[in-house]
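Here is the structure we will look at, set down as structure tokens.
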Amino acid sequence: PMLARRALLASRRGAGLRQVRHMGADVYHIAGREFNVPQVVIGISGFYATLIFLAMSGGSKKTDAPAPAAPPASTSTEVVSIFDDAFDEWSKVPGNLDKWAASFEKME
1358 PMLARRALLA SRRGAGLRQV RHMGADVYHI AGREFNVPQV VIGISGFYAT LIFLAMSGGS
1418 KKTDAPAPAA PPASTSTEVV SIFDDAFDEW SKVPGNLDKW AASFEKME
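Residue numbers (the working numbering): 1358 to 1465.
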């Protein structure tokens, strides 16, 4: 009787393990439906691929603003810095290079 009882308990334990293993299968219940692992992975990958596609192609394209025109050459007594973008145009005006050279004498 004692051995039969142990055998019965062992068989029940084994049956319980088999059920736990069967219940632990890789099946996911989402919104009332069953999905296996590859279906879940493909679904998540497709979701993120869609988000990336929409982020890269959606929205309005930003257009670059046209570069501002260079200011006209100044005929005033002001000497333009050599690092200024307008220096090339300023230096083409007759007499401006002489003003530029004279500005070095005023520097201390």
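For every residue, glycine included, the Cβ atom is placed at its ideal position computed from N, Cα and C. Computed from a prediction, not measured in an experiment: that's the story for all the values here.
Item                                                                                                        : Value
Alpha-carbon spacing of H1386 relative to Y1405, whole angstroms                                            : 20 Å
A1361, buried or exposed, once every other Cβ within 10 Å from all chains shown has been counted against 16 : exposed
For I1387, the first and last residue of its enclosing beta strand (DSSP E)                                 : 1384-1387
Option in P1395, G1403, T1420, E1435 with minimal Cα separation from G1452                                  : E1435
Exposure of V1437, with buried meaning 16 or more beta-carbon neighbours within 10 Å                        : buried
Residues near D1383 in its chain [Cβ-Cβ closer than 7 Å; skip 5 each side]                                  : N1393, V1394
Segments of 4+ residues assigned as alpha helix (DSSP H) that fall wholly inside the region 1390-1427       : 1394-1414
Cβ shell of A1372 (< 6 Å), same chain only, five flanking positions each side left out                      : A caution first: A1372 carries a pLDDT of 49, below 50, which makes its placement in the model unreliable, though a value can still be read off. Closer than 6 Å at the Cβ level, and outside the excluded window around A1372, lies no residue.
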